[in-house]
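There are 2 protein chains.
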Amino acid sequence: MRRAVSEAATGTLFGVALNYRGLLQSRLEEFQQPPYQKPPVKPVLFIKTPNTRNGDGAPVVFPAGVERLQPGPALGVVLGRDASRVGVDEAMACVAGYVIVNEFSLPEDSYYRPAVKAKCRDGFCPLGSEVVGRDEIADPHALPVRLLVNGEVRQQNSTANLVRSIPQLIAEISEFMTLHAGDVLITGTPEGRVDVRPGDEVVVEIEGLGRLVNHVVAEEA
Amino acid sequence: MRRAVSEAATGTLFGVALNYRGLLQSRLEEFQQPPYQKPPVKPVLFIKTPNTRNGDGAPVVFPAGVERLQPGPALGVVLGRDASRVGVDEAMACVAGYVIVNEFSLPEDSYYRPAVKAKCRDGFCPLGSEVVGRDEIADPHALPVRLLVNGEVRQQNSTANLVRSIPQLIAEISEFMTLHAGDVLITGTPEGRVDVRPGDEVVVEIEGLGRLVNHVVAEEA
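Structure follows, in structure tokens:
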């Protein structure tokens with residue numbers, strides 16, 4: 001079953017930082033330094049505020065006065081029921097389905113606490129138009145994820161490389177806060193983020209979910 | 001004019017960290033150390049997610065397994081219209097009114113990027129039931145703010161001590177993201193946060209806005 005995002009995914013957009021193995025590995029040395037001392041032991045969450053919502057085919061504005069902008073291809077998991085203190089074994093029953101997400105950000109120096117200013121610009125979170133039902137995806141932990149810029153593949157990975165699986169994320173987050181039907185967990189963006197410029201066409205493809213297309217445009221003066 | 005929070009303040013709850021002068025002063029030394037090197041030059045924002053919303057008279061749950069819980073008395077500013085790149089001079093025209101907020105948090109070691117896990121527990125953001133219209137408050141930058149625990153005054157300050165005034169906050173935030181009618185800016189919590197325990201009655205009083213009363217309760221097993 002497919003449902004419109006505008007009906008099925010109207011809740012809070014939760015981002016999960018550092019949830020691809022290659023990305024976490026690449027940062028391990030830095031996490032030994034102050035002030036961290038050790039890598040994060042729990043999911044590092046951030047919020048994409050409602051003003052970041054954007055759609056398939058819509059422009060993404062390259063903000064005036066910033067140097068770099070990076071897309072973030074990600075699998076979005078849409079909750080179908082409220083989840084509070086849900087165990088790993090029951091977590092998938094809370095999932096309504098999946099949606100393609102492109103989690104745009106300004107590059108940052110800290111991965112522990114992603115900043116509102118870098119993550120929450122208007123339109124910085126395009127979502128595909130459809131939520132694909134859970135039953136349509138045989139294994140959400142084996143989906144190829146690709147980012148194309150102007151038709152060229154620039155990032156390529158698989159949800160097989162998530163540090164925390166979807167049920168682990170739901171269990172660990174719902175342990176301390178209630179997730180609601182319609183909320184979206186953005187399961188993470190792989191290592192190797194690339195810079196995009198005004199004029200670029202940016203496409204995220206996830207097998208079984210289709211494509212999400214956006215164009216980067218310069219900010220009007 | 002007074003309007004119900006459930007009608008007039010249904011948007012995103014934005015927290016502003018470090019926005020009382022005494023609090024910022026007390027942290028200045030730490031901000032000279034790595035990784036900060038200098039105090040923040042822009043408002044440090046965080047989000048209170050929708051699951052944190054709570055009301056006057058409602059219980060606030062002291063989470064199992066945590067050691068400390070702290071209330072955060074604050075003036076909430078409710079937007080009455082969308083604000084994008086609003087100048088300081090026009091900012092107050094975007095304000096619908098004011099609401100008392102108690103921004104509960106688990107104590108944290110970093111003020112730069114307040115964490116979802118410490119700030120976004122269910123019910124951690126009680127709001128008063130009414131939005132008091134902008135015209136009813138002669139000077140929102142001269143309001144005594146008090147926190148009482150079990151009838152005893154434990155924090156006392158004034159919105160005269162905000163680091164950034166209400167129009168400055170609206171201007172600086174709306175420069176990089178659109179604020180929407182119904183959004184609430186939680187203008188900051190003063191220094192001297194206190195610990196509360198299950199059984200405590202916690203009251204925030206702000207002159208002209210009345211009182212917000214909550215009871216801390218133990219989490220059920």
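Chains as they are written, first to last, in UniProt numbering: chain A, 1 to 221; chain B, 1 to 221. Glycine included, every Cβ here is placed at the ideal spot set by N, Cα and C.
Within the model, the alpha-carbon separation for residue 108 (chain B) versus residue 118 (chain B) is close to 7 Å. Residue 144 (chain A) is a Cβ neighbour of residue 158 (chain A), given a cutoff of 8 Å. Boundaries of the beta strand (DSSP E) around residue 155 (chain A): 152-158. Beta-carbon to beta-carbon, residue 189 (chain B) and residue 51 (chain A) are separated by about 24 Å, too far to satisfy the 8 Å threshold. For residue 43 (chain B), the closest of B:19, B:205, B:82 and B:124 by C-alpha to C-alpha distance is B:19. Put simply, the region 62-79 of chain A touches the region 6-26 of chain A. At least three CB pairs are less than 8 Å apart. The bridge partners DSSP lists for residue 62 (chain B) are B:218. Among the residues of the region 1-33 of chain A, those with a Cβ less than 9 Å away from any Cβ of chain B are 11, 12, 14 and 33, in the order of the chain.
Residue 129 (chain B) is a Cβ neighbour of residue 56 (chain B), given a cutoff of 8 Å. Scanning the region 102-190 of chain A for uninterrupted alpha helix (DSSP H) segments of 4 residues or longer gives 116-119 and 166-174, listed from N- to C-terminal end.
Secondary structure note for residue 88 (chain B): it is in no beta strand (DSSP E), and the uninterrupted alpha helix (DSSP H) holding it is 88-91.
Three or more beta-carbon pairs separated by less than 8 Å link the region 90-109 of chain B to the region 204-219 of chain B, which places the two stretches in contact. Nearest C-alpha to residue 78 (chain A) among A:199, A:207 and A:187: A:187. Ranked by how close their Cα comes to the Cα of residue 93 (chain B), the residues B:168, B:106 and B:155 have B:168 in first place. Boundaries for residue 83 (chain A): no beta strand (DSSP E) harbours it, and the DSSP string shows neither H nor E there.
Nearest CB-CB separation between residue 186 (chain A) and chain B: not below the 8 Å threshold. Only exposed fits residue 64 (chain B), as fewer than 16 other CB atoms lie within 10 angstroms of its CB. For residue 101 (chain A), the closest Cβ of chain B is not nearer than 8 Å.
Beta bridge pairing from DSSP links residue 9 (chain B) with no other residue. Contact with chain B is found for residue 178 (chain A), since one of that chain's Cβ atoms lies less than 8 Å from the residue's Cβ. The beta carbons of residue 116 (chain A) and residue 45 (chain B) sit closer together than 8 Å.
Under a criterion of Cβ atoms nearer than 7 Å, the residues of chain B adjacent to residue 120 (chain A) are, in order, 177.
Distance check between residue 149 (chain B) and each of B:30, B:81 and B:204 places B:204 closest, using alpha-carbon atoms only. Across the set A:192, A:124, A:146 and A:165, the C-alpha of A:124 shows the shortest separation from the C-alpha of residue 62 (chain A).
Going by DSSP, residue 77 (chain A) is part of the beta strand (DSSP E) stretching over 73-79. DSSP places residue 67 (chain A) outside both helix and strand once states are collapsed to three, so it counts as coil. The residues 190 and 191, in chain order, have a CB closer than 7 Å to that of residue 23 (chain A) in the same chain once the five nearest residues on each side in sequence are set aside. The Cβ-Cβ distance between residue 184 (chain A) and residue 198 (chain A) does not fall below 8 Å.
Distance from residue 69 (chain B) to residue 127 (chain B) at the Cβ level is roughly 18 Å; contact not present, criterion being Cβ atoms closer than 8 Å.
Taking the beta carbon of residue 45 (chain B) as reference, the chain A residues within 9 Å of it are 115, 116, 117 and 120, listed in sequence order. For residue 45 (chain B), the beta-bridge partners assigned by DSSP are B:16.
Using a Cβ-Cβ cut-off of 8 Å, residue 167 (chain B) is close to nothing in chain A; its nearest Cβ partner there is about 19 Å away. Under the Cβ criterion of 8 Å, residue 50 (chain B) is counted among the residues facing chain A.
The shortest CA-to-CA distance from residue 49 (chain A) to any of A:10, A:27, A:98 and A:154 is the one to A:10.
Where residue 3 (chain A) is concerned, the enclosing beta strand (DSSP E) starts and stops at 2-4. Restricting attention to A:161, A:170 and A:82, the CA atom closest to the CA of residue 180 (chain A) is found in A:82.
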